[in-house]
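The structure appears right after this line, and notes come after that.
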């Protein structure tokens, strides 16, 4: 994951918020990137006997042009899905992948329909990783801004108490240029007020450094899967249909709950602890 963020910018949930390049009078071809080697992101043999070739991955486009001396900045809350809900979530993903072909796991980009052949592997690869709730856009900054950004983030985000976060709603998001669609779990109740305040604090730091602020009405979430292109309508329809047939309707209530454990900031390939609570 770390290598992906350094190379491509924010490629997970919150890839719905990449900064847009300045307008141009010409129409250059998009800067297509080759898919990252699967060995870079997954330990050897972690996919077991699953029939998967990294060459099946679609090409991806940079969220902003690479400029020498720039580093991608991303501020986020790390999130891990606890074990009890994983089986139910994996069951939901398995059913959804049958309705919507082309879904991939966020970060490592393994096709979901490959993982559904092995339930244990589906839980491990699709749900057993670090997710994140973005607190700001992924933006390029200059090397001389790094110390100032990190210091101000630490000053403004010193959290006095922990809180719970309910990921209570399945939702679908598009990135700004509508080249990718994301299946996400949104925070709509518990934890929303606290995260919103943290986003406002990050916005203040961004503004002082002439960086683009977050969306006016942020919708905190983690993204679990993605598909190439704009399949917003079909994916939303499939999610609604699957939720309506879930036994007991449990997925319509609280998908899972996680305890806030801190905030991290990644700049290039280096991670900074902004605030952290002991486990």
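Numbering (UniProt numbering), first residue to last: 1 to 279.
From the three backbone atoms N, C-alpha and C, an ideal C-beta is built for every residue, glycine too.
For the ligand SAM, I want to know if residue 76 counts as a neighbour, meaning its beta carbon is within less than 7 Å of at least one of the ligand's heavy atoms. You won't find the ligand SAM in this model; it holds no ligand whatsoever.
Does the Cβ of residue 107 have 16 or more other Cβ atoms within 10 Å, making it buried, or fewer, making it exposed? buried
Going by C-alpha distance, which of 79, 176 and 194 is nearest residue 161? When each option's Cα is compared against that of residue 161, the closest is 194.
In whole angstroms, what is the alpha-carbon distance linking residue 83 and residue 257? Cα to Cα, residue 83 sits roughly 11 Å from residue 257.
Look up residue 225 in the DSSP assignment and give the residues it is bridged to. 105 and 183
Is it true that the CB of residue 105 sits closer than 8 Å to the CB of residue 112? yes
Residue 274 beta carbon less than 8 Å from that of residue 154: Yes. Within cutoff.
Compare the C-beta of residue 214 with all C-beta atoms of chain D and state if any pair is closer than 8 Å. This model lacks chain D altogether; it includes just one protein chain.
Environment of residue 198 [buried if 16+ CB atoms lie within 10 Å]: Residue burial annotation: residue 198 is buried, with at least 16 other C-beta atoms found within 10 angstroms of its C-beta.
Using CA coordinates, which residue listed in 266, 260, 278 and 264 is at the minimum distance from residue 163? 260
Can you name the start and end residues of the beta strand (DSSP E) that residue 166 belongs to? 164-174
Where does residue 225 land, buried or exposed, given buried means 16+ other C-beta within 10 angstroms? buried
Helix, strand or coil: how does DSSP classify residue 70 here? strand
Which term fits residue 191, buried or exposed, when burial requires 16 or more other beta carbons within 10 angstroms of its beta carbon? buried
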